[in-house]
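Working notes for the structure below.
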Amino acid sequence: MVLELGGASVSGKPFKNKTISIRLDDSSYLLWRQQVLFAIESLALTSHVDDTIKIPHQFILQDGVKTINDEFLLYKQQDSALCSWLLSSIGSSILPTLVNCKTAFEIWEKIQQAFSISSTMKIMHLQFSLKSLRKRDQTMREYLAQIQAICDSLAACGNPLTETIHISAILSGLPPEYEPVVAVITSSQQPYKLDGVCSVLLDTEARQQDFLGQQLSVNLAQGVTPGFRG
Numbered sequence: 016m017v018l019e020l021g022g023a024s025v026s027g028k029p030f031k032n033k034t035i036s037i038r039l040d041d042s043s044y045l046l047w048r049q050q051v052l053f054a055i056e057s058l059a060l061t062s063h064v065d066d067t068i069k070i071p072h073q074f075i076l077q078d079g080v081k082t083i084n085d086e087f088l089l090y091k092q093q094d095s096a097l098c099s100w101l102l103s104s105i106g107s108s109i110l111p112t113l114v115n116c117k118t119a120f121e122i123w124e125k126i127q128q129a130f131s132i133s134s135t136m137k138i139m140h141l142q143f144s145l146k147s148l149r150k151r152d153q154t155m156r157e158y159l160a161q162i163q164a165i166c167d168s169l170a171a172c173g174n175p176l177t178e179t180i181h182i183s184a185i186l187s188g189l190p191p192e193y194e195p196v197v198a199v200i201t202s203s204q205q206p207y208k209l210d211g212v213c214s215v216l217l218d219t220e221a222r223q224q225d226f227l228g229q230q231l232s233v234n235l236a237q238g239v240t241p242g243f244r245g
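Just so we're aligned, residue 16 is where the sequence shown starts under the numbering used here, counting upward by one.
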């Protein structure tokens, strides 16, 4: 979906068409906000959403006559165009919460307040999920992918994790049979990078599976031999 902004003017210059590729919904706030802010900044309209604009008086006196202020008309034109564009980039599930907003600042502030609360709750949920995640019966590749997905979600919420915390989360969720390799990684004088940790764990899993396969073959052979001799 592509949305365009145009048809108004800033300091006598026409709006350049502005496009954003994301509609605001419950999961797209940070990406939407980034694109919208870049568009607003490029049009020199940031003051309309950060509440720093000085709104001109609606009327002025000219030769003793009360007259509509051209600067106020320009402000209203700019703000109305911005309001229209913002609303056109917002999903239908969120629009009802903005029906009483009269200015671009009111729209922006309402969205900021709503998503700052939901983002905090989502971050807390993701952090809890990361701390409580265990490998259990997953393959190592599945386990690493699940942790990566949580880390990516935290980054999308504006709360990226350091590589050290990412590695710590991986190691803390491993079962007892991985304790020797965990000890090697954590005691190394040269800190392991994330890619290195993943490679070591995948290799360890492969060697464990080879060993179990060999043990199974031995057990089967031992089970078959007595029966054959008898």
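C-beta: ideal position from N, C-alpha, C; glycine also. These numbers come from a predicted model, not from an experiment.
If one requires a minimum length of 3 residues, the beta strand (DSSP E) runs lying completely within the segment 61–94 are 74–77, 80–83, in chain order. A Cβ-Cβ separation of about 6 Å places residue 119 in contact with residue 101 under the 8 Å criterion. Apart from the 5 residues on each side of it in sequence, residue 50 sits with its Cβ closer than 8 Å to the Cβ of 35, 36, 37 in its chain, given in chain order. Residue 106 places its beta carbon 8 Å or farther from that of residue 45. The continuous beta strand (DSSP E) containing residue 34 extends over residues 33–35.
Apart from the 5 residues on each side of it in sequence, residue 207 sits with its Cβ closer than 6 Å to the Cβ of 200 in its chain, given in chain order. In the structure shown, residue 105 adopts extended strand secondary structure according to DSSP, grouped into three states. Counting along the chain, the unbroken alpha helix (DSSP H) around residue 156 starts and ends at 155–171. In this structure, the CA atom of residue 181 is about 18 Å from the CA atom of residue 151. The alpha carbon of residue 212 has as its nearest neighbour, out of 192, 185, 190, 68, the alpha carbon of 185. Partner residues in a beta bridge of residue 46, as assigned by DSSP, do not exist. In the DSSP assignment, residue 125 falls within the unbroken alpha helix (DSSP H) covering 119–147.
Taking a cut-off of 8 Å on C-beta distances, the segment 170–177 does not touch the segment 188–205, as fewer than three cross pairs fall below it.
Around residue 73, the same chain offers 83, 84, 87 as residues with beta carbons nearer than 8 Å, after the five sequence neighbours per side are excluded.
Non-local C-beta neighbours of residue 217 in its own chain, meaning closer than 6 Å and more than five positions away in sequence, comprise 155, ordered along the chain.
Beta-bridge analysis with DSSP links residue 39 to 105. DSSP places residue 193 in the helix class (H, G or I) of the three-state scheme.
Short of 7 Å from the beta carbon of residue 175, and not among the five residues preceding or following it, lie these beta carbons of its own chain, in chain order: 169. When DSSP states are grouped into helix, strand and coil, residue 188 belongs to the coil group. Inter-residue distance for residue 163 and residue 140 is about 15 Å (C-alpha atoms, whole angstroms). Sixteen is the threshold: since fewer than 16 other Cβ atoms of the shown chains lie within 10 Å of the Cβ of residue 132, the residue is exposed.
When rounded, the separation of the alpha-carbon atoms in residue 103 and residue 67 is 24 Å.
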